Amino acid sequence: ERHTYERKRQLKDALASGKQLPTELRKDVKALGKDLAFDEAQQEPSTHIDNEYSRAGTYDPKLVITTSRDPSSKLLQFAKEMRLVFPNSHRINRGNYVVKELVDACRANDVTDLVILHEHRGVPDAMIVSHFPHGPTVYFTLHNVTLRHDVDSYKTSTVSEQYPHLIFEQFTSKLGVRIQDVLKYLFPVPKEDSKRVMTFANEDDFISFRHHVFVKVHGGVELAEVGPRFEMKPYEIRTGTVDQTEAEREWVLAHYSRTAKKRRLLSSVTDG
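Per my numbering, the very first residue in the sequence shown carries number 8; after that it's consecutive.
Encoded structure:
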């Protein structure tokens with residue numbers, strides 16, 4: 008596809024400049040020119056990333072949220088709160104379902120994303136986001152998870168059901184944009200007057216998640232934190248869905264490389 012794209016680009020450049028066509032393009036000019044009009048809006052060749060989210064924005068995402076098996080009360084509460092974070096999401100009890108059964112149920116019901124929350128000794132510590140029908144699947148570690156009733160402004164804030172505005176900070180590298188897209192497409196398109204804001208702020212590859220609503224206070228407007236809040240760090244991206252153990256690893260965090268601590272993967276120009 009890259010080769011075809013380059014040849015079309017040469018043809019386009021030749022037409023634009025009025026120069027003579029390169030010899031190797033002359034015999035293929037009809038076939039290439041036929042598609043050229045449809046390619047005008049596309050500056051780069053399409054990739055698997057384009058295909059994964061090709062329908063995003065034309066329909067609202069539909070999420071299922073679940074946990075690892077035998078969840079603690081805290082993980083269950085966290086799952087309930089995450090259901091309120093994501094519009095159009097449904098929480099299901101894990102029970103004895105294996106991952107393949109969860110995935111099959113999601114596919115059968117036109118679910119766009121499956122979110123699985125994990126814990127260690129009663130503390131939520133990981134989240135998997137798997138996009139349907141073809142992936143990707145992104146694995147995050149979770150840190151400093153604070154539930155709603157532990158957030159200072161909990162008593163003065165209520166959970167809005169509005170579609171939220173999204174704020175992303177410091178997702179400037181190729182990998183950063185990839186992670187931003189995975190998170191962005193978990194949410195439907197908001198209305199302009201929505202009073203709900205979700206923030207994903209990257210600093211040194213830790214993504215701080217915060218959930219706020221606008222509230223009227225003494226004739227003015229202030230932001231009130233709703234919760235939950237947590238930090239997340241991506242450590243692996245696979246090209247398939249969560250049940251496909253043979254799926255190709257698109258990216259893995261290199262914990263033990265000499266430069267792992269020095270490099271900023273989500274906001275730097277270079278990617279891991």
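Just so you know, even glycine gets a beta-carbon here, dropped at the ideal spot from N, CA and C. Computed from a predicted structure; not experimentally measured.
Going by beta carbons, Ile72 and Ser96 fall inside the 8 Å limit. Here DSSP, grouped into helix, strand and coil, assigns Lys202 to coil.
Taking a contact to require three or more Cβ pairs closer than 8 Å, the stretch 77-90 and the stretch 127-134 qualify as touching. Counted as a single uninterrupted DSSP element, the alpha helix (DSSP H) harbouring Arg114 occupies residues 106-115. Boundaries for Leu121: no alpha helix (DSSP H) harbours it, while the beta strand (DSSP E) harbouring it runs 120-127, taken from the DSSP string. A Cβ-Cβ distance of about 32 Å is found for the pair Val233 and Arg114, leaving them out of contact under the 8 Å criterion. Distance from Asp188 to Arg271 at the Cβ level is roughly 19 Å; contact not present, criterion being Cβ atoms closer than 8 Å.
Distance between Ala112 and Val228, taken at the CA atoms: about 43 Å. In the three-state reduction of the DSSP assignment, Asp132 falls in the strand class.
The Cβ-Cβ distance between Glu253 and Thr246 does not fall below 8 Å. Below 8 Å, enough C-beta pairs join the stretch 171-181 and the stretch 205-224 to call them touching: three or more.
From the listed residues Lys181, Leu121, His125, Arg236, the smallest Cα separation to His138 is found for Leu121. In the structure shown, the three-state DSSP call for Val152 is strand. Linking Val110 to Val158 through their CA atoms gives a straight-line distance of about 33 Å. Considering only Leu149, Val224, Val184, Lys202, the residue with the shortest C-alpha distance to Ser167 is Lys202.
Counted as a single uninterrupted DSSP element, the stretch harbouring Lys69 is not any beta strand (DSSP E), since DSSP gives it neither H nor E.
When the alpha-carbon of Leu193 is set against those of His125, Leu182, Val105, Arg90, the nearest one is in Arg90.
Positions of the alpha helix (DSSP H) runs, each at least 4 residues long and wholly inside the stretch 76-109, are given as 80-92 in order along the chain. For Pro195 against Asp67, the beta-carbon gap comes to about 4 Å, under 8 Å, which counts as contact. In this structure, the beta-carbon distance from Leu70 to Thr119 falls below 8 Å. Look at Val196 here: in three-state DSSP terms it is coil, with no helix or strand label. Within the model, the alpha-carbon separation for Thr74 versus Thr144 is close to 16 Å.
If you look at Gly183, you'll find it in the alpha helix (DSSP H) that goes 181-191.
The residue from Thr248, Val259, Trp258, His262 with its alpha-carbon nearest to that of Val106 is Thr248. If you draw a straight line from the Cα of His218 to the Cα of Arg236, it comes to about 7 Å. Linking His150 to Gln17 through their CA atoms gives a straight-line distance of about 50 Å.
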